[in-house]
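A short write-up of the structure that comes next.
Number of protein chains: 2
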Amino acid sequence: MNRLLQHINQHIKLSSGNIEKLKKFFTIKSYKKKEYLLHFGSISRYEFFVIKGCLRTFIVDKNGTEHNIMFATENWWTGDIASFFNQTPTSYSIQALEKTDVLQISKEKWENLFIQIPEFGHYARVMFQNATVAQQSRIIQNLSYTAEERYLDFLAKSPNLIQRIPQKHIASYLGITPEFLSMLRNKLVHN
Amino acid sequence: MNRLLQHINQHIKLSSGNIEKLKKFFTIKSYKKKEYLLHFGSISRYEFFVIKGCLRTFIVDKNGTEHNIMFATENWWTGDIASFFNQTPTSYSIQALEKTDVLQISKEKWENLFIQIPEFGHYARVMFQNATVAQQSRIIQNLSYTAEERYLDFLAKSPNLIQRIPQKHIASYLGITPEFLSMLRNKLVHN
DNA sequence: GGAAAAAAATAAAGTAGTTTAAGAAATTAG
DNA sequence: CTAATTTCTTAAACTACTTTATTTTTTTCC
Chain A
314 MNRLLQHINQ HIKLSSGNIE KLKKFFTIKS YKKKEYLLHF GSISRYEFFV
364 IKGCLRTFIV DKNGTEHNIM FATENWWTGD IASFFNQTPT SYSIQALEKT
414 DVLQISKEKW ENLFIQIPEF GHYARVMFQN ATVAQQSRII QNLSYTAEER
464 YLDFLAKSPN LIQRIPQKHI ASYLGITPEF LSMLRNKLVH N
Chain B
314 MNRLLQHINQ HIKLSSGNIE KLKKFFTIKS YKKKEYLLHF GSISRYEFFV
364 IKGCLRTFIV DKNGTEHNIM FATENWWTGD IASFFNQTPT SYSIQALEKT
414 DVLQISKEKW ENLFIQIPEF GHYARVMFQN ATVAQQSRII QNLSYTAEER
464 YLDFLAKSPN LIQRIPQKHI ASYLGITPEF LSMLRNKLVH N
C-alpha cells in the first residue's frame, strides 16, 4: 500500500483522513508466475497497480501470434481501460512474467473513489496524460525508427527490463521476430 | 462555440451559468491552408478544438522525412499535451490541411478552467482516456497488421478522411511510402 | 485560363525484416 | 539431479516494403 500512497503523493497532497479512506478502496493480490490477471474475451473487472513483479499485456492476432503491448513493473498502473470503463469484452490478456503483487480496484470502487476523494481525479488525469504522451512516442518510434534503433532506445530507456524479461517478449514488444532480435544483438556485439 | 458546448454536453451536464463562464476561456481562431498552429522546437501555448477544417500533427525524423501522427477534423481536440503541460519544447508540428477554424485555450486559462468549473475535469479525463484507447489500438495495428490491412482498416473507419486528405499524408500516417500506397491501391482495384 | 508546382502512378532494383529449420544453451519441474 | 521444456542462436531462402527515377495527372495561383 505504501508504494501506491508514495506514488500518489508525488502528484497530489492527501490529508491523513483521506489516506485512511483511500486504503479501503484497494485490495492487495498476489499472482504466480505465468498466471493471468485478465483473459482475452472477458470483461476487465480491475485496474492494477504493481507493487512488486512484472506483468505483460498482449494481444493475439488472427495468425495466433502474440504481440506485447506494454510491460508493467513496480509503480506502474496497468489494465484495459476500454474494457474496464465501458464494461465491454477485452481484446487483451495480462499475464505475470514473475510472481507479482498488485493493488487492484474494481469499477464500482473506482467510481466511488472519485466521489469520496475528488483530488484523486487530478491524479488520474495526470496518469492518463502521461500514458497518452508515452504511447504517442511509441507510435512515432514504430513509424520512424528501424528495429535496431528501437532496440537501442529500449536498451537505453529500460536497461532493467532487458535483464528481467525474456528476449522473445522484448522482440514482440519491438515488433520484430525473436530470430531477428537475436541477429541484431549479435551484430551489435561484433560491431 | 456551439460545437464545443455540444461535445462537452455529451459527457457532462453544464448549468447555463457555467456555459457562460466556459465561453470566456476559449478564443476562436482561423488558420489558412498550410499555416502552422505549432512549430517544432517551440513551446506549445494552446490546446485546439477543431470547429471546421482539418489539421495534421507530424514529426520530422533525422533524415528529414515527415511522419504524420494524427489528423484532427471537426470535433477533435489536438495539440501537444507534453509540451503544453510541462512547457517544454515540442517535437511536433501542427499544420492546417484546409482553411481551419479552431477554439484555442492557453495553459493559464486551462488551469483556471478546472478551478472554476470542476466538472470540466471529468470531461478532460474522459478525453484522455479515449485518446489512450485510440492510440493503443494504433500501436497494435502497427505491430500486427500489414500495410494493406492498415490501409483497409483506415478506409473502413475513416472513409471521409480518405477523400479529404492527400494520399501522401495518408501513406505517412500508415507508415509507408506514397509509392507503396499507390501500388497497394492499384492492386486492390484490380483484385 | 494557362504556366508552374505539387501529387500520384508505374516500374525496376535494392534492403530490412520474416520464415523455416535445426542445433545449442538455459530454465523448469518432478 | 536429470529429463523435459522453453528460450536463444545461426543461417539460407524468401517477401513486404523502400529507393530511385521517369511519366502522367491534378492542383495552385497570378
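Protein sequence lines, in the order shown, are assigned to chains A and B. For the first sequence, the numbering used here assigns the number 314 to the initial residue and increments by one for each residue that follows. For the second sequence, the numbering used here assigns the number 314 to the initial residue and increments by one for each residue that follows. Where a beta carbon is used, it is the ideal one built from N, C-alpha and C, also for glycine.
- Segment contact: the region 324 to 332 of chain A against the region 384 to 404 of chain A, fewer than three CB-CB distances shorter than 8 Å; contact not assigned.
- Using a CB distance cut-off of 8 Å, B:Q408 does not count as an interface residue toward chain A.
- DSSP places A:I475 in the uninterrupted alpha helix (DSSP H) bounded by 472 to 477.
- With the criterion set as a beta carbon lying under 7 Å from some beta carbon of chain A, the members of the region 446 to 458 of chain B are V446, Q448, Q449, R451, I452, I453, N455, L456, S457, in sequence order.
- Counting along the chain, the unbroken beta strand (DSSP E) around B:S419 starts and ends at 413 to 419.
- Under the criterion of beta carbons closer than 8 Å, A:V363 and A:T378 do not qualify as touching, at roughly 26 Å.
- Taking all protein chains in view, the Cβ of A:E462 is surrounded by fewer than 16 other Cβ atoms within 10 Å, so the residue is classified as exposed.
- Around the beta carbon of A:M314, fewer than 16 other beta carbons lie within 10 angstroms, which makes this residue exposed.
- Contact check for A:Y359 against A:I418 passes: the beta carbons are separated by less than 8 Å.
- Close partners of B:I394 in chain A (Cβ separation under 7 Å): Q442, T445, V446.
- For B:T445, the enclosing alpha helix (DSSP H) stretches over residues 432 to 457.
- DSSP places A:M496 in the uninterrupted alpha helix (DSSP H) bounded by 491 to 502.
- For A:Y486, the enclosing alpha helix (DSSP H) begins and ends at 480 to 487.
- Here DSSP, grouped into helix, strand and coil, assigns B:L410 to coil.
- In this model, B:Y349 and B:Y464 are separated by some 27 Å (Cα to Cα).
- Between A:L318 and A:I332, the C-beta gap is smaller than 8 Å, which places the two residues in contact.
- Residues of chain B whose Cβ lies closer than 8 Å to the Cβ of A:G488 are, in chain order, N455, L456.
- Scanning A:C367, A:V373, A:L501 for the CA closest to the CA of B:S457 turns up A:V373.
- For B:H320, the enclosing alpha helix (DSSP H) stretches over residues 315 to 322.
- When only Cα atoms are considered, A:K336 and B:F433 end up about 27 Å apart.
- Burial state of B:Q408 is buried, judged by a 10 Å Cβ sphere holding 16 or more other Cβ atoms.
- Annotation: the continuous alpha helix (DSSP H) that includes A:K336 extends over 329 to 336.
- Judged by their CB atoms, A:S357 and A:G392 are nearer to each other than the 8 Å cut-off.
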